[in-house]
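K.L.:
Numbering (this note's numbering), first residue to last: 278 to 711. C-beta atoms are modelled at their ideal positions from N, C-alpha and C, and glycine is treated no differently. Have a look at the structure that comes next, please.
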């Protein structure tokens, strides 16, 4: 055991999950970080011994989310009894539901009672799934947890959005609630102070992936090993200090369409992924020099790129109301065709400038006129098709263009499902990790 705890080149992890799909969610995050990962489907039999591999993870499903508190405690006690006979993993992770369903307090308390870990750090947020915590409360998108369907779950209802309320209903554990407003060292100092004060649980507000990453780094700096409690979100930033999985190369999306479905696709993607929407005010294209506008929007794109956010360029009419476009065209003495051509031409100029400045993982072009204008600005004469995403989005390369290795995706503006852009981003993120 001492050899394992002191081994700088080994990272062993035991994850205790309360349902099978949750076990798989965390397991997949570990696989992506290079862990040899196995899922123990039930409590029958003896836990397998962790091997001597550099990074080894064992995920145990206690199937205890909807059982009685007494049964949940007994199952955790069983796992911990077997766990204490194994080589001690470097990390112990309690996977909980991001919407706080189940016996989360009972199980946290049981693990602390049957281990030598002094404190639990609780961060259930999963920003990629729209699950955030602020002021100690769980939010799903723009709504408090108790205002969502999860509150009336038939098997595991939730009667409070506040994490501390749920813990207090199930346990007598002391707690602090903290936000991550300071530096990395500040966060580490607060966690160290909580331990010194004898606090048993620290509940952490998380609004985005950057804060999850910040928390993971602070935990790795601690002078002690805590019990880490979270959804799949925290697990992706916690265990491997040398690998930064948040550094997915950003994608640049250009949505020239103002259709309702295009707007829905952007809204859903922005709720689930780190996405910065840069809105192009169409009226400015006829009032200001394009060079100045390219510089203005490029600053916004660069700022988002440096934060490792995917960028979506979206056009906005002067009144954001499609019915008023005709009035705008009349004032500017333009036909609708001329308006569309000008918008596409500006987007093409902005994009061609950007791909010279940044290395994007891909270029997503929504709207036929926009797609053609951008590809022409890249001096392409043909599109080498490779496949499709979600059945609606062809992807490939422009082999004779100025950027032959840039992955290109195209889609009709008013086509697809609400999650089409989200699926495109997930496709790009997987391609980046290959």
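Fully enclosed by the stretch 478-505, which alpha helix (DSSP H) runs are 4 residues long or longer?
P.N.:
486-497
K.L.:
When the Cα of residue 668 is compared with those of 686, 483, 292, 590, which residue comes out closest?
P.N.:
686
K.L.:
Taking all protein chains shown into account, do 16 or more other C-beta atoms lie within 10 angstroms of the C-beta of residue 384, making it buried, or fewer, making it exposed?
P.N.:
buried
K.L.:
When the distance is taken between beta carbons, is residue 375 closer than 8 Å to residue 408?
P.N.:
The criterion of a C-beta distance shorter than 8 Å is satisfied by residue 408 and residue 375.
K.L.:
Rounded to whole angstroms, how far is the Cβ of residue 684 from the Cβ of residue 629, which I believe are closer than 8 Å?
P.N.:
The Cβ separation is near 16 Å, so there is no contact.
K.L.:
Going by DSSP in three states, residue 644 sits in which element: helix, strand or coil?
P.N.:
coil
K.L.:
Spatial neighbours of residue 555 within its chain, please: C-beta separation below 8 Å, excluding the five flanking residues on both sides.
P.N.:
574, 577, 578, 581, 588, 589, 590, 591
K.L.:
Taking only three categories from DSSP, how would you classify residue 466?
P.N.:
helix
K.L.:
Using only alpha-carbon positions, find the residue among 677, 532, 569, 583 that is nearest to residue 624.
P.N.:
Closest option to residue 624, Cα to Cα, is 532.
K.L.:
Less than 8 Å separating the beta-carbons of residue 679 and residue 655?
P.N.:
yes
K.L.:
Have a look at 309, 401, 338, 333 and flag the residue whose alpha-carbon is nearest the alpha-carbon of residue 319.
P.N.:
338
K.L.:
Short check: CB of residue 650 to CB of residue 677, under 8 Å?
P.N.:
no
K.L.:
Just the C-alpha distance for residue 368 and residue 411, rounded to the nearest angstrom, thanks.
P.N.:
26 Å
K.L.:
Which partner residues does residue 414 have in the DSSP bridge list?
P.N.:
In the DSSP output, where bridge partners are listed per residue, residue 414 has 411, 439.
K.L.:
Taking the C-alpha atoms as reference points, what is the distance between residue 653 and residue 496?
P.N.:
Looking at the two C-alpha atoms, the distance is approximately 49 Å.
K.L.:
Is the separation between the beta-carbon of residue 529 and that of residue 491 shorter than 8 Å?
P.N.:
no
K.L.:
Taking buried to mean at least 16 other C-beta atoms within 10 Å of its own C-beta, is residue 705 buried or exposed?
P.N.:
So residue 705 ends up on the buried side.
K.L.:
Compare the Cα-Cα distances from residue 536 to each of 645, 514, 708, 509 and report the closest residue.
P.N.:
645
K.L.:
Can you give the Cα-Cα distance for residue 609 and residue 681, rounded to whole angstroms?
P.N.:
Cα to Cα, the separation comes out at about 38 Å.
K.L.:
Taking the alpha carbon of residue 485 as the point to measure from, which residue in 359, 405, 693 has its own alpha carbon closest?
P.N.:
405
K.L.:
Tell me, to the nearest whole angstrom, how far the beta carbon of residue 481 is from that of residue 471; I am working on the premise that it is less than 8 Å.
P.N.:
About 11 Å separates the two Cβ atoms, so there is no contact after all.
K.L.:
Given that a residue counts as buried once 16 or more other Cβ atoms are within 10 Å of its Cβ, and exposed if not, what is residue 563?
P.N.:
exposed
K.L.:
Please state whether DSSP places residue 587 in a helix, a strand or coil.
P.N.:
strand
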